[in-house]
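Notes for the one structure printed next.
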């Protein structure tokens, strides 16, 4: 920060700013400010129809017969950014921040309350949540995410409006930095030329810009404080968690994880079963060691539910699967069925055969093991019922063809329904 010889001038006090003068070069020659060649000052991409740039002129105009003054030795150059527009932009940002401040303060208080809980308190929350969700005989096999941790996870991200304001503040800071850099260059030249008046003027303006930028960066301080508190507390909780062992009888055979409905609640049931388990053995995403927190679920999770007969008929098949080889849930282990997967591209641009996708594994297992249909081209006209497939992610081209086309040909009298993360209420039967 430049130490000026006189107090800094606030950009929000126009009466104390240098009065607009006709444009002049530092040599004292007048420059026309009108006509087609006049330049419009710009700030952060906003232009003025009638610009009034802040300029300066030497203390006295040199005559043709006098020696050049110190200011006449400086090059003709003025800052490219209009400080008046910066002040106006700041006022607009300040107004937007003030409108959001009550929400920000409430969210910050919520984060502080959740973060104040100890790790033991948070784990106890998870056990109480399990007792509310599951039957007494199931409670020991499930561990829902503690409500306080779930709350902190939501608070660790900016909302859409918060993100928009943060981007606007970054743009303002960049424009302010550009303006101040230009002023500092002028200040150095004024000092080198020995022009004390210009030195004081540029110093005051640079100091005022520094103060304005500092105030702008503080506008969304409650949001940034909330993010810091939430992120650090979540990290501390996870670092203190130990791997929760899942015995082979309840995990690999997965007989303790039954009655998984083809809904979002069924998906949550799967996550609650594997939460804090060994990510090296039960991988759902990019975490390959330590307790499973589901911070980045790369693999898709799907649930299949099939009934036989008319409405309200008995369930004849229900299972879940996770995409990938040796994944949690159902794995085909070399078993074949009447379907043919194709190679296609995933969301990351990788191209591979989709015969280990969760949706493919489920319909293949249902037809091969429960309907004894293991060869390509087989058709079963005796089966009548509803087959509901729930998928966390939209179906890829291969799984879409397997379910909508191939399964429809194999079971021509079945009613088929696909649900994608419960985003579409009801069902979408093919017939």
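In the numbering used here, the protein residues as written are 43 to 473.
Each residue gets a CB set at the ideal place from its N, CA and C atoms; glycine is no exception.
None of the values given here were measured: they were computed from a predicted structure.
- The straight-line gap separating the alpha-carbon atoms of residue 378 and residue 409 is approximately 10 angstroms.
- In this structure, the alpha-carbon of residue 139 lies about 6 angstroms from that of residue 261.
- Within the region 340-391, complete beta strand (DSSP E) segments of at least 3 residues are found at 343-349, 357-364 and 385-387, given in chain order.
- Contact check for residue 429 against residue 459 passes: the beta carbons are separated by less than 9 angstroms.
- At a Cβ-Cβ threshold of 9 angstroms, residue 411 and residue 441 do not count as neighbours.
- Taking residue 248 as the centre and dropping the five residues before and after it, the same chain places the C-beta of 44, 222, 225, 226 and 229 closer than 7 angstroms to its C-beta, in chain order.
- Judged by DSSP secondary structure, residue 444 falls outside any alpha helix (DSSP H); it is assigned neither H nor E.
- By the beta-carbon neighbour count (other beta carbons within 10 angstroms, threshold 16), residue 125 is buried.
- In its chain, beyond the 5 residues on either side, 161, 164 and 191 have a beta carbon closer than 7 angstroms to the beta carbon of residue 279.
- Around the beta carbon of residue 362, a 10 Å sphere encloses 16 or more other beta carbons of the protein chains shown; the residue is thus reported as buried.
- Around the beta carbon of residue 334, 16 or more other beta carbons sit within 10 angstroms, so the residue counts as buried.
- Between residue 215 and residue 258, the CB-CB gap stays under 9 angstroms.
- Residue range 306-316 is occupied by the alpha helix (DSSP H) that includes residue 316.
- When the Cα atoms are used, residue 447 and residue 439 turn out to be separated by approximately 11 angstroms.
- DSSP places residue 228 inside the alpha helix (DSSP H), whose first and last residues are 202-235.
- Boundaries for residue 459: no alpha helix (DSSP H) harbours it, while the beta strand (DSSP E) harbouring it runs 457-462, taken from the DSSP string.
- In summary, residue 133 is exposed, with fewer than 16 beta-carbon neighbours lying within 10 Å of its beta-carbon over all protein chains present.
- Between residue 400 and residue 342, the C-beta gap is smaller than 9 angstroms, which places the two residues in contact.
- Contact between residue 348 and residue 427 holds, with the beta-carbon distance rounding to 6 angstroms and staying under 8 angstroms.
- Assigned with DSSP and collapsed to three states, residue 252 falls in helix.
- The region 196-206 makes no contact with the region 318-337, as fewer than three CB pairs between them are under 8 angstroms.
- The C-alpha of residue 235 lies about 33 angstroms from the C-alpha of residue 130.
- For the 9 angstroms CB-CB criterion, residue 346 and residue 405 form a contact.
- Note on residue 255: 16 or more other CB atoms within 10 angstroms of its CB, so buried under the neighbour-count rule.
- With respect to the 9 angstroms criterion, residue 310 and residue 189 are not classified as neighbours on the basis of their beta carbons.
- Judged by pairs of C-beta atoms under 8 angstroms, the region 357-374 touches the region 318-331, as three or more such pairs exist.
- Around the beta carbon of residue 231, a 10 Å sphere encloses 16 or more other beta carbons of the protein chains shown; the residue is thus reported as buried.
- Counting of Cβ neighbours within 10 angstroms places residue 153 among the buried residues, the total reaching 16 or more.
- Pairing residue 271 with residue 150 gives a Cβ-Cβ distance under 9 angstroms.
- Short of 8 angstroms from the beta carbon of residue 135, and not among the five residues preceding or following it, lie these beta carbons of its own chain, in chain order: 207, 210, 211, 214, 258 and 261.
- The closest CA to that of residue 433, considering only 308, 350 and 319, is found on 308.
- Annotated three-state conformation of residue 412 is helix, per DSSP.
- Ranked by Cα distance from residue 339, the first of 435, 198 and 147 is 435.
- Cβ atoms of residue 315 and residue 184 come within 8 angstroms of each other, at about 6 angstroms.
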